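Order-wise, the sequence lines are chains A and B. Read left to right, the first sequence gives residues 235 to 662 (our numbering). Read left to right, the second sequence gives residues 263 to 726 (our numbering). By construction, the Cβ of each residue, glycine as well, lies at the ideal position given by its N, Cα and C atoms. Here the structure is a predicted model, which means the values were calculated and not measured. Contents: one structure, followed by commentary.
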Amino acid sequence: MNLFREIWQSIVRRDPLSTDKGKSELVFLNVWLHIHPAKVKKEHMKFRHSFYLGFVTFFLFLILVTTGIVLMVYYRPFPPQAYQDMKDLEFVVFMGPFLRGMHRWAAHGMVVCVFLHMCRVFYTGSYKKPRQFNWVIGVFLLLLTLGLSFTGYLLPWDQLAYWAITVGSNIGSYAPLVGGQLREWLLGGHTVGEAALVRFYVLHVAVLPAAMILFTIVHFWRVRKDGGLSRPIWKLAAPKPAPLVTIGAPAEVAPLKASAASSTKTYGLMEVVTGKPIFETISPEEEEDTVFSYPYAFVREAVALMITVTGIMMMSLFFHAPLEELANPAKTPNPAKAPWYFLGLQELVSHSAMLGGVVAPALMVIALLAIPYIDRNPSRRPSDRKWAIWLFTLFVVINLVLIVVGTFFRGPGWALVPPWVHVVGGAE
Amino acid sequence: MERRLQQTFFALSLLALALIVAAAWQANTPSWKTYQHNYHQLEAQGEPNAITKAAVLATPPEIHQFMLTGLQRVDRCTTCHLGVEDPTMKNAPEPFRYHANLGPHIPSKFGCTICHGGQGLATDVNGAHGKVDFWPNPLLSKDYIRASCGRCHKEGEVPDVPELTEGRHLFETQGCRGCHKLNGVGGSIGPDLTGEGANRRAPDWLERHFLTPSAVSTGSAMPNFHFTKEQARALTYYMLSLTSEEMGSYYSSVRLIPGPEYGRQLFVEKNCIACHNIGGVGAKTGPDLAGVTKAHSAEWLDEQLVNPELVYPGSSMPAYDLEANARKALLAFLSTATAEDAQLILSRKTRALTPEDVAIEAGRQDFARFGCVGCHGTELQGGVPNPNAQGGEVPSLLHVSDDYTKDEVIALIRNGRAPPLDDAKGPTPPLYMPAWKTVLSDEDIHRIADYLWSKQQKKAKDAW
Numbered sequence: 235m236n237l238f239r240e241i242w243q244s245i246v247r248r249d250p251l252s253t254d255k256g257k258s259e260l261v262f263l264n265v266w267l268h269i270h271p272a273k274v275k276k277e278h279m280k281f282r283h284s285f286y287l288g289f290v291t292f293f294l295f296l297i298l299v300t301t302g303i304v305l306m307v308y309y310r311p312f313p314p315q316a317y318q319d320m321k322d323l324e325f326v327v328f329m330g331p332f333l334r335g336m337h338r339w340a341a342h343g344m345v346v347c348v349f350l351h352m353c354r355v356f357y358t359g360s361y362k363k364p365r366q367f368n369w370v371i372g373v374f375l376l377l378l379t380l381g382l383s384f385t386g387y388l389l390p391w392d393q394l395a396y397w398a399i400t401v402g403s404n405i406g407s408y409a410p411l412v413g414g415q416l417r418e419w420l421l422g423g424h425t426v427g428e429a430a431l432v433r434f435y436v437l438h439v440a441v442l443p444a445a446m447i448l449f450t451i452v453h454f455w456r457v458r459k460d461g462g463l464s465r466p467i468w469k470l471a472a473p474k475p476a477p478l479v480t481i482g483a484p485a486e487v488a489p490l491k492a493s494a495a496s497s498t499k500t501y502g503l504m505e506v507v508t509g510k511p512i513f514e515t516i517s518p519e520e521e522e523d524t525v526f527s528y529p530y531a532f533v534r535e536a537v538a539l540m541i542t543v544t545g546i547m548m549m550s551l552f553f554h555a556p557l558e559e560l561a562n563p564a565k566t567p568n569p570a571k572a573p574w575y576f577l578g579l580q581e582l583v584s585h586s587a588m589l590g591g592v593v594a595p596a597l598m599v600i601a602l603l604a605i606p607y608i609d610r611n612p613s614r615r616p617s618d619r620k621w622a623i624w625l626f627t628l629f630v631v632i633n634l635v636l637i638v639v640g641t642f643f644r645g646p647g648w649a650l651v652p653p654w655v656h657v658v659g660g661a662e
Numbered sequence: 263m264e265r266r267l268q269q270t271f272f273a274l275s276l277l278a279l280a281l282i283v284a285a286a287w288q289a290n291t292p293s294w295k296t297y298q299h300n301y302h303q304l305e306a307q308g309e310p311n312a313i314t315k316a317a318v319l320a321t322p323p324e325i326h327q328f329m330l331t332g333l334q335r336v337d338r339c340t341t342c343h344l345g346v347e348d349p350t351m352k353n354a355p356e357p358f359r360y361h362a363n364l365g366p367h368i369p370s371k372f373g374c375t376i377c378h379g380g381q382g383l384a385t386d387v388n389g390a391h392g393k394v395d396f397w398p399n400p401l402l403s404k405d406y407i408r409a410s411c412g413r414c415h416k417e418g419e420v421p422d423v424p425e426l427t428e429g430r431h432l433f434e435t436q437g438c439r440g441c442h443k444l445n446g447v448g449g450s451i452g453p454d455l456t457g458e459g460a461n462r463r464a465p466d467w468l469e470r471h472f473l474t475p476s477a478v479s480t481g482s483a484m485p486n487f488h489f490t491k492e493q494a495r496a497l498t499y500y501m502l503s504l505t506s507e508e509m510g511s512y513y514s515s516v517r518l519i520p521g522p523e524y525g526r527q528l529f530v531e532k533n534c535i536a537c538h539n540i541g542g543v544g545a546k547t548g549p550d551l552a553g554v555t556k557a558h559s560a561e562w563l564d565e566q567l568v569n570p571e572l573v574y575p576g577s578s579m580p581a582y583d584l585e586a587n588a589r590k591a592l593l594a595f596l597s598t599a600t601a602e603d604a605q606l607i608l609s610r611k612t613r614a615l616t617p618e619d620v621a622i623e624a625g626r627q628d629f630a631r632f633g634c635v636g637c638h639g640t641e642l643q644g645g646v647p648n649p650n651a652q653g654g655e656v657p658s659l660l661h662v663s664d665d666y667t668k669d670e671v672i673a674l675i676r677n678g679r680a681p682p683l684d685d686a687k688g689p690t691p692p693l694y695m696p697a698w699k700t701v702l703s704d705e706d707i708h709r710i711a712d713y714l715w716s717k718q719q720k721k722a723k724d725a726w
């Protein structure tokens, strides 16, 4: 029995969890958990502040990585075997449809959640100093999510995939000068074919996930270094507490001076960086507002994880991922539609290729990236930033309306057809 | 709060576990396992030996499949249709019944879907029978299944499937190519029909379409050819057989079934009777062909057809460019041919043609083969409705020489034209004269013009 205890102790190397020291060490000494602080503010755990959207997005990414690796075992990235492998997943592989369903729904879910997370961060003004650059990284993560979803869309090599990517990559080619080149580089040719499938595969399973992981690490690291999440907006009215430890951010107090009294004292690296002695970093009032990460933060994250996992599982059990006919370059569906999250773009392109396909999306991305630097208003209170909120809401609504119109209101020949009208002969 | 959260976490974990179990259960109980279980019970019924019986019943469930690389398909049909190759299952209920009359079409070489249609990869009933969304190739009904013979046997006659021969004949004589392309040759007014059988596997639609094109395809420019029911069915068979899929060499080697009927056709076409006789009936330049298949081995005769000079140095017989199966067909005919056959062939022969006749005849054949007859009629009478074109129909060609010179007509065929409008503000007429210069050689076009000129009827000058 002693041996087992010794082995266990050699693994965890901490005091029992009944002690505060043990709870702290659980976080400190564990490489996976130490992205958390040992203690978190109660207000940061409030559901109505963050809706845990960042967590859910990350958990969806974990589901995608796990199911994606298993799917890779059954997949060959060349036409037409790619399509046959989809059929084998559907009909022969044990739990194949469930697996593919989880990957598909988690992918759609991630696009949705990453967008909602962005909205939350905007509406709570959490991109403001010192978090400006983390917002920029967040925008990159949004673009990477779209890129991953777009490259994954082609892999089943069915009509849906083929024509969505054909339409999607055509939109890209409207960019002046580089557009055609970019498209050719992405597709490895002038049309979607074998070369495109291999390229999309490599991007989907290696390049983009690697970039995603790297950016995610930076994103999380910066959240931690900025002292955790932003303050909930309902707490903004309360008197400002003692300054938070914001490592890396310019200190608001005078830097430490080597005074006579302290000339004999040695300072730790943390103290030099933060500019104040460590025992002063947390005020007693603040201390009262915090709890140990274990179990308070962890149990909440675990519940969020399980809600995400069970939700995706339930979806996959009842709804199978779609699979249409084998890709057929000679047979264009009418209308041919891009993946849903690009249908807003396609809708814009249908009005003007140059404006809708190049200028508008480029402006959108640039505007998103620039938000923290354009918005000079230091206040995070909604009442102080009505203009910003109105503008962003307009941006969200326009995007949603365009996507809804592109998805449900466009029929053959991109004609305006409400979803409740059945087009006779449209399928023929 | 904390207690509640921990309970929630625990409950959700249980739910996740339950969902995994449910998914595994769903995956582990496919309908094909039930079918296999029932089949093994059926097998065990007549089994007297208890040990064998137990062994049969204990057969582990497994997916059966034919990997058909030459046909680029995998057929898993026999996962449920287990008795297909077992004659003792002759009277078994479906899906276990024995497949009689397969002939040389053994499942391990041909699978099932090449003839029957359906989705070979699928392992559930609806999916496998192709009666699901996004599978363009549903199971063919019994009425049309023989159309599939034409997917491999693309030329010559197929025994027991006269519809295919008839359909092919109608296609080549009724002018379908005037509007439709097939394997790269034909007009572009209607859709390309190469691979039509793979794109539109809907026999009902096709058949109704041939009877009245506008009934199933509103606004179709296709004229009503007033086909009979039999003709519509024959064309439907032919359409269903048109697939552009690539087949392995094994399957494409049987494009022609080397039967005696096809041999007779070749015998007439190649004009063998001009030199040879059968039992004394015919020309005497070459040897009598009666009993020739008994006098020589098949290999010898085959070589004789490929390269006569190799067998008989100085032979005056031309080397005919016939493919292997055509040579086999010719020999099959010769093995049964009698003097009566020769008599019949001779009696149908027309007089020798002059070079001019030959040119005009070639023009007539081009006129039919490239589909001009589809709109202008087999007798140049025209008359196919073409709303809002001048006269409301495709013009007759019997009087072109009144309005045009031969060179003008040649230019018209080469470059095509849109028909002059009846009402300048009305809709564009559906039919137009395509430009033929990319399809037809100058020689072809001149021959067609010669043919037209040979048919001109002079209008009475003072008709009015």
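Residue nearest to residue i in terms of C-alpha spacing, selected from the options
| i | options | result |
| --- | --- | --- |
| ASP405(B) | TYR512(B), ASP466(B), ASN388(B) | ASP466(B) |
| GLU356(B) | THR341(B), PRO369(B), SER370(B) | THR341(B) |
| THR456(B) | THR435(B), LYS416(B), GLU425(B) | LYS416(B) |
| PRO567(A) | ASN461(B), THR314(B), TRP294(B), MET509(B) | ASN461(B) |
| ASN533(B) | ASP395(B), TYR582(B), PHE372(B) | TYR582(B) |
| MET484(B) | ALA686(B), PRO689(B), ASN648(B) | ASN648(B) |
| TYR713(B) | LYS687(B), ASP685(B), LEU660(B) | LEU660(B) |
| VAL732(B) | THR490(B), ALA604(B), ALA496(B) | One cannot answer for residue 732(B) here, as it falls past the ends of chain B, which runs 263 to 726. |
C-alpha distance - residue i paired with residue j, whole-angstrom precision
| i | j | result |
| --- | --- | --- |
| PHE433(B) | ASP348(B) | 40 Å |
| ARG266(B) | VAL537(A) | 11 Å |
| GLY446(B) | PRO549(B) | 42 Å |
| LYS275(A) | SER527(A) | 9 Å |
| THR270(B) | TYR530(A) | 14 Å |
| GLU523(B) | ALA591(B) | 8 Å |
| LYS556(B) | SER597(B) | 8 Å |
| VAL479(A) | GLY461(A) | Because the pLDDT at VAL479(A) is just 49, under 50, the model does not fix this residue reliably, and the value given afterwards should be weighed accordingly. Whole-angstrom Cα-Cα distance: 7 Å. |
| MET329(B) | ASN633(A) | 48 Å |
| ASP705(B) | LYS443(B) | Note that residue 705(B) is Glu in the sequence shown, not Asp. Their Cα atoms are separated by approximately 21 Å. |
| ARG338(A) | THR301(A) | 10 Å |
| LYS363(A) | ALA594(A) | 28 Å |
| GLY578(A) | LEU650(A) | 14 Å |
| PRO689(B) | GLY653(B) | 14 Å |
| HIS468(B) | LEU502(B) | The residue asked about is misnamed: residue 468(B) is Leu in this sequence, not His. The straight-line gap from Cα to Cα measures roughly 9 Å. |
Contact with chain A by residue i, beta-carbon distance below 9 Å
| i | result |
| --- | --- |
| TRP726(B) | Bear in mind that the predicted position of TRP726(B) carries a pLDDT of just 48, short of 50, making it unreliable; the figure below should be weighed with that in mind. Not one chain A Cβ lies under 9 Å of TRP726(B). |
| PRO475(B) | no |
| PHE396(B) | yes |
| ILE325(B) | yes |
| THR331(B) | no |
| ASN353(B) | no |
| GLU508(B) | no |
| GLU264(B) | yes |
| LEU401(B) | no |
Test: residue i CB closer than 9 Å to a CB of chain B
| i | result |
| --- | --- |
| MET588(A) | no |
| TYR528(A) | no |
| GLU558(A) | yes |
| PRO331(A) | yes |
Proximity test, residue i beta-carbon vs the ligand NAD heavy atom, cut-off 8 Å
| i | result |
| --- | --- |
| ARG359(B) | Here there are no bound small molecules, and the ligand NAD is not part of this structure. |
query = In chain order, what residues of the region 271-293 of chain B put their CB closer than 8 Å to some CB of chain A?
reply = Flagged, chain order: PHE271, LEU274, SER275, LEU277, ALA278, LEU281, ILE282, ALA284, ALA285, ALA286, GLN288, ALA289, ASN290.
task = Using a Cβ-Cβ cut-off of less than 8 Å, give me the residues of the region 238-267 of chain A that come near chain B, in sequence order.
result = Sequence-ordered contacts of the region 238-267 of chain A with chain B are nonexistent [C-beta pairs closer than 8 Å].
inquiry  = Could you tell me which whole alpha helix (DSSP H) segments of length 4 or greater appear in the region 467-512 of chain B?
reply    = Fully enclosed alpha helix (DSSP H) runs of 4 or longer: 475-478, 491-503.
task = Anything in the region 305-330 of chain A with a Cβ closer than 9 Å to a Cβ of chain B? List those residues in chain order, please.
result = Cβ proximity to chain B below 9 Å picks out PRO314, GLN318, LYS321, ASP322, GLU324, PHE325, VAL326, VAL327, PHE328, MET329, GLY330 from the region 305-330 of chain A.
request  = Write down every uninterrupted run of the alpha helix (DSSP H) in the region 259-316 of chain A whose length is 4 residues or greater and which is fully enclosed by it, in chain order.
outcome  = Every alpha helix (DSSP H) stretch that sits fully inside the region 259-316 of chain A and reaches 4 residues is listed by chain position as 281-284, 287-307.
request  = Ignoring anything shorter than 4 residues or poking outside the region 366-423 of chain B, list the alpha helix (DSSP H) runs there in chain order.
outcome  = Uninterrupted alpha helix (DSSP H) stretches at least 4 residues long and entirely within the region 366-423 of chain B occur at 369-372, 375-378, 387-390, 411-414, given in chain order.
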